[in-house]
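Engineer:
Residue numbers (UniProt numbering): 1 to 120.
1) CA-CA distance, residue 86 and residue 65?
2) Under 9 Å, do residue 110 and residue 37 count as touching if we go by C-beta distance?
3) Looking at the unbroken alpha helix (DSSP H) that takes in residue 37, where does it start and where does it end?
4) To the nearest angstrom, how far is the alpha carbon of residue 12 from that of residue 55?
5) Please report how far the alpha carbon of residue 43 lies from the alpha carbon of residue 53, in whole angstroms.
6) Cβ of residue 75 within 9 Å of Cβ of residue 32?
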């Protein structure tokens with residue numbers, strides 16, 4: 001197992017503070033995050049097949065606030081790259097595709113960890 005699979009990828013401190021002790025609010029926000037993440041990954045995978053970098057950047061931009069609220073700091077840099085790298089003059093499609101693969105793979109691990117939290 002990789003290090004990312006062994007360490008918790010999220011920190012609910014900010015979300016729990018925002019909820020003021022309302023566990024149902026936390027659960028609803030996490031459920032919403034998982035739904036949005038699944039939809040985002042589907043959109044990214046479809047956009048990759050068309051080399052539609054602008055759509056990938058828009059999806060990353062849309063997901064970024066949810067990742068921040070759930071304290072997913074381990075993917076914050078990856079999301080920033082997805083959002084901005086295609087605008088660079090020295091854009092490298094191969095590097096961008098590697099970042100996309102890392103995001104999709106790490107998101108799968110993240111989803112598993114969060115689902116395990118919800119079931120405990």
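Idealized CB from N, CA, C, for every residue including glycine.
Structural biologist: Looking at the atomic coordinates:
1) If I take the Cα positions, the gap works out to 20 Å.
2) yes
3) 23–49
4) 28 Å
5) 11 Å
6) The answer is no: Cβ separation not under 9 Å.
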